[in-house]
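Numbering (numbering that gives the first Met the number 0) for the sequence shown: 0 to 214.
Glycine included, C-beta positions come from ideal geometry on N, C-alpha and C.
Keep in mind it's a predicted model, so treat the numbers as computed, not measured.
The structure appears right after this line, and notes come after that.
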Amino acid sequence: MTCFLFFFFSPPKTLSQRLKKIKTESKPAYELHGHCDLVYHATFNPNRQRIVSASHDMSLRMWQIIPTVPDVMVLPPVTNELKTNSIKLSWRSPSENGYPISNYIVQIKREDQTDWHHQRRLSTCMSHRQFYRDPKRETVIAQLRSGSFYQFRLAAINRVGMASFSPTTSEVRTEPDIPEEIVQRAECVGVYPRAMTLQWKRPNSWGIPIKSCKY
0 MTCFLFFFFS PPKTLSQRLK KIKTESKPAY ELHGHCDLVY HATFNPNRQR
50 IVSASHDMSL RMWQIIPTVP DVMVLPPVTN ELKTNSIKLS WRSPSENGYP
100 ISNYIVQIKR EDQTDWHHQR RLSTCMSHRQ FYRDPKRETV IAQLRSGSFY
150 QFRLAAINRV GMASFSPTTS EVRTEPDIPE EIVQRAECVG VYPRAMTLQW
200 KRPNSWGIPI KSCKY
């Protein structure tokens, strides 16, 4: 069902003039689609950016009349599929508020960082097999350091601008990898009749204790 809303700020003096004006000059201020029964009530919200309407089938609809930035995501993205250099993020798309969401911004903070310096611009994060109204979104954040703790937060973008960021995820850790290669030459610090003592800089083991060294 289509709901037509008319707004008159200077109504004519007589009923006949008013009906004539509706017939010949007036056009609906908004054309809203979605109800399946007779609409009996419609009202603006306090900031006059949305209209809430009700129909006889006891359904309510909210219409974004003046486009704004997308809503803030209430929940943090879900982290899963933790791999050596990547983590998968899943979330539900927030309300678009008048214009389609074109991109997402993800901010990344590693355990050794104190602020959100690193961010990446994502696409709509929809699979080509998804129905366009399906709110499920997911993406894989790659090029991460193995064995490190990370936190993430997301914000949606449409033509109006960018929403505020979502709540932050809990710290999650990428899978540890083998220790880094020892790049500096070992130094001999002690010589004995049948042995010698070598010294080298300990490589990064991604938080996992080194059990032994092979030479």
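Self-check item: Check whether N84 and S145 have beta carbons under 9 Å apart
Solution: yes
Quiz item: Between the stretch 179 to 193 and the stretch 94 to 112, are three or more C-beta pairs nearer than 8 Å?
Solution: Cβ pair count under 8 Å is below three, so no.
Quiz item: Quick one: is C124 buried, meaning 16 or more other Cβ sit within 10 Å of its Cβ, or exposed?
Solution: Buried.
Quiz prompt | As assigned by DSSP and simplified to three states, the class of L143 | solution = coil
Practice problem: May I ask you to report which of helix, strand or coil DSSP gives L74? | Solution: coil
Exercise. Find the nearest neighbour of S163 within the set P69, S52, I64, P45, judged by alpha-carbon distance.
Key: P69
Quiz prompt | G189 (DSSP reduced to helix, strand or coil) | solution = strand
Self-check item: Backbone CA spacing between M81 and M57 [nearest angstrom]
Solution: The question names Met, but residue 81 in the sequence shown is Leu. Approximately 45 Å, taken between the alpha carbons.
Quiz item: How big is the Cα-Cα spacing for L143 and Y98?
Solution: 33 Å
Quiz prompt | R47 classed as buried or exposed, judged by whether at least 16 other C-beta atoms fall within 10 angstroms | solution = exposed
Quiz prompt | Cα-Cα separation between A215 and H34, rounded to whole angstroms | solution = The requested residue 215 is not part of the displayed model; the chain covers only 0 to 214.
Quiz prompt | 3 or more residues per run - each beta strand (DSSP E) lying fully within the stretch 84 to 134 | solution = 86 to 91, 102 to 109, 117 to 121
Quiz item: Nearest to L121 by alpha carbon, out of W199, L88, R132?
Solution: L88
Quiz item: Between the Cα of H116 and the Cα atoms of R136, P93, Q150, which residue gives the shortest distance?
Solution: Here the closest residue by C-alpha is Q150.
Exercise. Assign I207 to one of two classes, buried (16 or more other C-beta atoms within 10 Å of its C-beta) or exposed (fewer than that).
Key: exposed
Quiz item: So the beta strand (DSSP E) M195 belongs to, where does it begin and stop?
Solution: 194 to 198
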